[in-house]
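Let me begin by presenting the structure, written as structure tokens, before commenting on it.
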Amino acid sequence: MCYVTKASVGGRLRIPGSAHKTKKKLNLKGHFDELVRMNKVMLPRPRAAILLSILALIAFSSISFEVRASSLEIIQGKIAQFLKRPGIRSADWGIEIVDPTDNQVVLSLNPDKTFKPASVVKVITTATALEKLGSDFKFRTGAYADGEIKPDGTLAGNLILVGRGDPNLMDPVGDLLPKPTLEELAEKVRALGIRRITGDVVGDNSYFDFNTHSNGWTTQDLKSVYGAPISALSINDNVLWLSARPTQHNQRISVSIEPQTSYFHVRNLGVTGSRKARRTLYARSIPGTRTVVVSGVLPISHRGYWQSVILEKPAEAVATLFKDELVRNGIGVDGTVRVLQYGDMPQEAKRRWTLLAEHQSPPLVKALEIINKRSNNLHAEMLLRTLGAEFAGAGTDEAGLKVVRDFLVEAGIESSHVRLNDGSGLSRDNIVTPRFQTSLLLFLSTRPYFDLFLSTLSVSGTDGTLKHRLASEPLRGTIHAKTGTLNGVASLSGYMTTRSGRNLVFSIFANNFRASVGRIRKTIDEICALFVNLY
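The sequence shown maps to residues 760 to 1294 in the working numbering.
See below:
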């Protein structure tokens, strides 16, 4: 059952840039007139004026509280009706909504029950990163020489590309980097006068361990783009984008890949079909090889077809792409491409390497926007392992999760019922409680980086995973939150601003439902809309 209770939640929440509509003022003129009539006789004017102001404030606050209490009764009644709907009532629901202004928990349903949070876990990971790494932290990717550079421009040895967890070596959207990182590094190497490398191009992937996935991921996850392999050297979300276009009837289709690389060999068996032909075109990679086979029919009337192919060995692909860029810049490579993995070489041996060029990523907050707004799993997992590498001595899930747990303890957030297995929320073994999640959000609202953290969340009807949710007026722009979705799991957690100008912190979880995820999301959105409009 939903209930209203008071609790000391502390903190003062301010959501920057929020535009509020003001409620219609109550008519208190008669009440003020009565106070004046009573007190003119009893008190000198200055004291009477002070008392009148206090009494008027108390009267207005009392009426305002009564209005909110009445609104809460209406909200609770409607939510109770929502949760009784067929298909909705069978779900396990957990809700906590807090008004930090007057330290009140305004709605609570199973606040201490554990729920699978799905991608809401990304809030925990990104919050830890802001607290520990800082908003100005930059990922560094370097090109190192292992050998002597001779006067004629020959590097007598290997060129090593050292990855340190930068998830954005490429910028497919085009709003993050002035140019791709590998292109930038290759140009810097050429600018040093290097024209030939007698050894290999080596991808140093040892910043993270060799586990490419986290505990609790399903077999289907491992086959999907959203479960791409985790690697310290990663690019293009560790997928290859293949696009195909029709040509002439009965002729081979046209195929291109992005990023363009010699790493993959594409066997194009696709054929252009008639206008009425059914599209059967499909691309698949042959496990354990670098070959992608494209086969089937693409109708001549088709505008084009695209498909993603997972990079099984991201570090090897990145090193190959780097070699391709070096060659494009007029630098010959005599050797081959290989990869250094976790534990392959002691740190002492790496100290003889010479730094030639380095790329520094944009500030951390830019990477966090991609994680939270686009709900990018790979980037969240890379961030978790970066936390482990920077603060716990190892780029592993276990080390990263230790940093997260330490942060929660330092923040004073009760987390005894919380279990975390990864940084993205893809693991089905993660569990949190609504009270824990709101406590974390309240803590973040007191931190100096809160405005930056808020900017990483999706905004209702505006961007990210909330672009097409809560998009009508006056809901558009009133909610900054993180979504979460898995089979049988839907969640939403963040901050909302009501029409009356009050800021609320909320966490809503639904697990084990039989209804479609669309219906569950609609119910979650209806709960949020009630508070925005009525509270």
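Heads up, the beta-carbon is just placed ideally off N, CA and C, and yes, glycines get one too.
Residue span of the alpha helix (DSSP H) that contains residue i, given as start and end
i, result
"Met1141", "1136-1150"
"Ala1036", "Run containing Ala1036: none; DSSP gives neither H nor E here."
"Asn1292", "1276-1293"
"Ile1129", "1123-1132"
"Ser1198", "1193-1203"
"Ala752", "Residue 752 falls outside the range modelled here, since the chain spans only 760 to 1294, and no answer is possible."
"Lys1109", "1106-1109"
"Asp1165", "1156-1169"
"Thr940", "940-950"
Residue i to residue j span [Cα, whole Å]
i, j, result
"Lys1125", "Gly924", "14 Å"
"His1024", "Leu1080", "14 Å"
"Ala766", "His1118", "Low local confidence applies: a pLDDT of 40 at Ala766 is under 50, so the model's placement there is unreliable, with the coordinate-based value given in what follows. Cα-Cα distance, rounded: 48 Å."
"Thr978", "Tyr903", "37 Å"
"Pro939", "Leu928", "6 Å"
"Leu816", "Ala888", "Its pLDDT being 46, under 50, Leu816 is placed unreliably by the model, and the measurement read from it follows with that caveat. Taking the straight line joining both Cα atoms gives about 43 Å."
"Ile883", "Val1163", "8 Å"
"Val932", "Ala828", "47 Å"
"Gly1223", "Asn1135", "11 Å"
"Gly846", "Gly986", "29 Å"
"Ile833", "Ser1252", "22 Å"
"Gln1007", "Ile1059", "7 Å"
"Leu842", "Ala1153", "45 Å"
"Tyr1101", "Glu1149", "15 Å"
"Ser1231", "Thr1155", "43 Å"
"Ser1266", "Thr1256", "14 Å"
"Phe898", "Leu1123", "8 Å"
"Val1291", "Glu1128", "24 Å"
"Glu1157", "Asp905", "32 Å"
"Leu1001", "Pro926", "21 Å"
"Val961", "Asn1009", "43 Å"
"Phe896", "Gly1147", "15 Å"
"Val1086", "Leu1142", "31 Å"
"Thr781", "Lys837", "Because the pLDDT at Thr781 is just 35, under 50, the model does not fix this residue reliably, and the point stays unresolved."
"Arg1206", "Lys947", "39 Å"
Candidates the options: closest to residue i by CA position
i, options, result
"Asp1188", "Val1163, Val1248, Phe967", "Val1248"
"Ala915", "Gly1223, Asp1093, Leu889", "Asp1093"
"Glu1084", "Thr873, Leu1028, Leu941, Gly901", "Leu941"
"Ile953", "Val984, Glu1107, Lys909", "Lys909"
"Ala1269", "Thr1244, Cys1287, Thr885", "Thr1244"
"Ala1170", "Ala850, Arg1097, Arg1261, Glu890", "Glu890"
"Trp1065", "Gly1047, Ser1013, Asp1165", "Ser1013"
"Pro1018", "Ser993, Gly1029, Tyr1041, Ser1033", "Ser993"
"Gly1260", "Arg848, Leu831, Ala850, Asp858", "Asp858"
"Ile1130", "Val864, Arg1280, Ala886, Asn869", "Ala886"
"Ser867", "Glu1157, Asp861, Lys881, Trp852", "Trp852"
"Leu1203", "Ile1238, Ile1172, Asn997", "Ile1172"
"Lys1035", "Ile1016, Gly901, Leu1057, Ser990", "Leu1057"
"Val880", "Ala1240, Cys1287, Tyr1294", "Ala1240"
"Glu1071", "His972, Met1104, Ile1016, Tyr1041", "His972"
"Val1191", "Ser1219, Ser878, Asn862", "Ser878"
"Ala1042", "Leu1028, Pro1233, Leu1160", "Leu1028"
"Phe874", "Gly1184, Ser965, Ser1214, Leu1225", "Gly1184"
"Val1264", "Met1104, Asn862, Arg1235", "Asn862"
"Val1077", "Lys1161, Ile1045, Gly901", "Gly901"
CB contact flag (residue i, residue j, <7 Å)
i, j, result
"Ser1217", "Lys1132", "yes"
"Val1177", "Phe1195", "yes"
"Ala1074", "Leu944", "no"
"Gly1089", "Glu1140", "no"
"Ser894", "Leu1200", "no"
"Gly1055", "Thr1039", "yes"
"Glu855", "Thr1095", "no"
"Leu1228", "Asp1165", "Checking the sequence shown, residue 1228 turns out to be Arg, not Leu. Going by C-beta atoms, Arg1228 is not nearer than 7 Å to Asp1165."
"Ala1174", "Asn1180", "Here the sequence assigns Ser to residue 1174, which means Ala is not the residue at that position. Contact: no."
"Asn917", "Asp871", "no"
"Leu981", "Val1068", "no"
"Lys996", "Leu1114", "The sequence as given places Asp at residue 996; Lys does not occur at that position. No. Outside cutoff."
"Ser1250", "Ile1238", "no"
"Val921", "Asp963", "yes"
"Arg1011", "Val1052", "no"
"Phe1272", "Ala839", "no"
Element boundaries [beta strand (DSSP E), containing residue i]
i, result
"Thr1113", "1113-1119"
"Pro1058", "1056-1058"
"Val1264", "1262-1270"
Subject >> Unbroken stretches of the beta strand (DSSP E), 3 residues or longer, contained in the stretch 1211-1256 >> reply: You should have 1238-1245, 1248-1256.
Original post:
What are the uninterrupted segments assigned as beta strand (DSSP E) that are 3 or more residues long and contained completely in the stretch 964-1051, given in chain order?
Top reply: Listed in chain order, they are 998-1004, 1013-1017, 1024-1027, 1030-1032, 1041-1044.
**OP:** Run through the stretch 857-924 for me and flag every whole beta strand (DSSP E) of 3 or more residues, listed as ranges in chain order.
**Re:** Uninterrupted beta strand (DSSP E) stretches at least 3 residues long and entirely within the stretch 857-924 occur at 863-868, 899-908, 913-921, given in chain order.
**OP:** Entirely within the stretch 1052-1098 and at least 4 residues each: give me those alpha helix (DSSP H) ranges in chain order.
**Re:** Taken in chain order, the complete alpha helix (DSSP H) segments of 4 or more residues contained in the stretch 1052-1098 are 1073-1087.
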